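Note sheet for the following structure.
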Amino acid sequence: VVSLVRGRDVRTRILSFPPMPRKEIAGVVEREVRKDAAVPIEDLIFDYSLLRMVRERGQEKQQVMIVSANRDLVYENINVLRTFGIVPAAISAISCGLYASLARSSIWSSGEAVALIDIGANISTMLIFGNETLYFQREIFTGYDDMKASFEEGEEEAEMDFGPGVAGGPSSIEEIPALQRVATELKRSFLYYKQQFRGNIVKKLYVSGEGIRLPRVDEFLAEGLEDVEIKFFNPLEGLNLESLGPQSTEFETLAPRFASSLGLALEPPKLIRINLVPAEIKAQAFVAVKRFVYTGLVVVVVAIIGLFYMFLRDDLGKARKKYEVEKANYEELKPALEELKGVNKQIARYQSYSDLLRKLTKNEPLWPDIYENLATLVSDNMYVESVKINRVGESTTGRRGRRRGSSGLSVESKARWEVTIDGYAYDDSQVELQERITRFVDRLKESPFFEDVYLQPSRETVQRVPPEPMLVAGEGAPRGQKLLTKALTTIYSDVVPGTFKQKFKVVCKLEGQKFWDKVRTKG
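When the letters of the sequence shown are read in order and numbered with my numbering, they come out as residues 14 to 536.
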């Protein structure tokens with residue numbers, strides 16, 4: 014259980030210290046509490062929490078939240094809980110619960126200055142924050158009970174003037190002195206924050222606590238705080254309330270009244286920043302929790318053993334019946350199993366023959382498939398003159414590793430072949446002729462059968478093939494006919510320049526195992 018204390022005997026302060034070791038911070042905090050206390054420090058219980066590093070007037074400083082409370086108030090809280098058999102795990106302050114609720118909400122990381130006012134029964138707590146930093150905190154000793162009196166007086170006056178059942182109440186914040194006092198203190202706090210921290214003007218105020226029960230409290234605060242947007246704080250942000258069903262809407266409406274309590278309830282006890290429980294009570298709480306945990310573990314273990322025994326007894330009966338059925342089925346299928354063993358032996362023998370056949374042929378390429386593929390790669394105006402295939406040696410692949418009964422070396426030999434393709438290509442221009450040969454080499458490289466493909470430079474230059482003459486004159490032809498033939502041939506040669514011829518030689522490699530791998534990959 015986590016409890017909260019609130020009142021004039023509880024003091025919360027946000028201070029900033031220069032960076033120092035943690036051991037020194039405890040001493041500085043004690044001096045600050047002693048200096049600020051109105052009673053001897055022996056009559057106080059205090060605790061502190063490091064918040065975060067902030068920058069004030071160009072210097073890095075450590076923010077510290079210090080909470081001190083009257084020792085009698087803390088023990089009174091503990092004794093009330095003990096009457097119900099409860100030992101508190103932590104006692105914290107209202108401001109700590111509000112801080113925990115804010116740290117879970119999306120408004121905590123707001124880049125602008127934002128304020129929260131928690132209107133309690135007798136005391137209101139205000140916090141100013143922004144950019145995940147708590148800048149300022151103070152108590153205003155005016156609460157819901159003081160404000161409620163103004164509404165009750167307004168209703169009584171309306172009943173006297175107009176009769177029973179007629180709605181009344183204040184129509185302006187000026188008719189609610191207690192709420193107007195809170196608005197005035199909020200203005201002063203906003204001005205102090207702006208001057209002290211050189212921050213932005215507070216433009217948004219969230220309301221929580223008992224004060225949200227007051228009719229139109231947001232409208233009255235907006236009237237008293239000009240240019241400040243008033244909203245109700247939602248401490249349940251990010252929680253899934255679907256399991257509550259229709260009650261989820263009612264719970265969301267009531268949640269702002271318990272912002273500080275929900276903040277500490279949703280925070281694990283080990284992460285509660287301020288704990289005013291004395292050391293001796295903490296030890297008692299630890300022993301109580303330990304006893305509760307051990308008792309719970311014993312109960313759980315005994316329950317598990319009992320359930321396991323019941324489940325095992327029932328399961329053993331089912332297993333015995335299932336065994337008898339399976340045994341009868343096995344006796345019926347026993348002859349068929351014997352026949353199946355013989356079939357398996359034949360399958361294993363055929364598989365060994367298949368493996369042996371594959372080992373004998375896996376290093377030999379399928380030459381008909383290779384020639385067929387080569388024929389599809391030769392384009393128009395290309396002629397293969399010869400294909401020479403030479404066995405150039407053996408390649409070995411292997412792996413090394415030790416295992417029982419072997420040397421750890423497994424080596425396999427594979428034959429390699431070199432293929433030389435000679436031929437001619439024709440085209441109307443030298444550029445297109447070279448491109449035609451290049452495309453043929455590229456197609457060989459893309460083929461799944463060939464590797465290490467390259468074009469061997471040719472010693473023969475590009476030859477121009479003259480066109481056939483239009484007219485052919487024999488040796489016995491008259492002189493006039495020979496001159497006409499020569500003239501027509503010259504004219505035809507200028508119009509149709511003829512084609513170009515280039516010899517090429519392409520060299521590539523074949524390897525038996527790689528051939529099989531490529532055929533498998535290409536399908």
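Using N, Cα and C, we set each Cβ at its ideal position, and we do this for glycine too. A quick note: this is a predicted structure, and the numbers were derived from the prediction, not measured.
Check	Outcome
Buried or exposed (CB count within 10 angstroms, at least 16 for buried), T138	buried
Simplified DSSP state of K216, which is helix, strand or coil	coil
Local conformation of D131 per DSSP, three classes	strand
Within the stretch 45-105, ranges of the alpha helix (DSSP H) (whole runs, at least 4 residues)	84-95
Spatial distance of A171 from A162 (CA atoms)	Bear in mind that the predicted position of A171 carries a pLDDT of just 46, short of 50, making it unreliable; the figure below should be weighed with that in mind. About 14 Å.
Given A191 as reference, the closest of D435, I54 and M160 once Cα atoms are compared	M160
Status (buried if at least 16 other CB within 10 Å, exposed otherwise) for G309	exposed
Beta-carbon spacing of A106, E280 below 8 Å	no
Span of the alpha helix (DSSP H), counted from its first residue to its last, around S123	No alpha helix (DSSP H) contains S123, which DSSP labels as neither H nor E.
Member of I383, A128 and V400 whose CA lies at the smallest distance from the CA of S460	I383
Boundaries (first-last residue) of the beta strand (DSSP E) holding G143	S137 to G143
Beta-carbon spacing of I141, S202 below 8 Å	yes
N342 to F462 span [Cα, whole Å]	55 Å
Local conformation of L17 per DSSP, three classes	strand
Residue burial classification, T155 (beta-carbon count within 10 angstroms, cutoff 16)	buried
Candidates R24, Y61, P34 and M33, of which the one nearest D49 by Cα	R24
Separation of P228 from S256, as counted between CA atoms	30 Å
L484, DSSP secondary structure in three states	For L484, the predicted structure reports a pLDDT of 43, less than 50, and the residue's modelled location is therefore unreliable. A value from the coordinates is still provided. Note: L484 maps to coil in three-state DSSP.
contact_flag[the stretch 90-102, the stretch 258-265] where n(CB pairs < 8 Å) is 3 or more	no
Beta-carbon proximity list for P510, same chain, < 6 Å, skipping 5 on both sides	Note that P510 scores a pLDDT of 45, beneath 50, so its modelled location is shaky and nothing firm can be said.
Beta-carbon spacing of K6, Q469 below 8 Å	Absent from the model: residue 6. The displayed extent of the chain is 14 to 536, so no value can be given.
For D465, the first and last residue of its enclosing alpha helix (DSSP H)	No alpha helix (DSSP H) contains D465, which is instead part of the beta strand (DSSP E) from E464 to Q469.
The stretch 260-269 / the stretch 56-74 touching (three or more Cβ pairs under 8 Å)	no
Beta-carbon proximity list for L86, same chain, < 8 Å, skipping 5 on both sides	V18, G20, D22 and V23
Residue(s) in a DSSP beta bridge with N403	E431
R304 versus R286: straight-line alpha-carbon distance, rounded	25 Å
Assigned secondary structure, V391 (DSSP; H/G/I helix, E/B strand, else coil)	coil
Straight-line gap, Y148 to I243 (C-alpha atoms, nearest Å)	20 Å
Ordered list of beta strand (DSSP E) runs contained in the stretch 185-263, each at least 3 residues	217-222 and 242-245
Residue closest to T451, alpha-carbon to alpha-carbon, out of R84, S392, E239 and I120	S392
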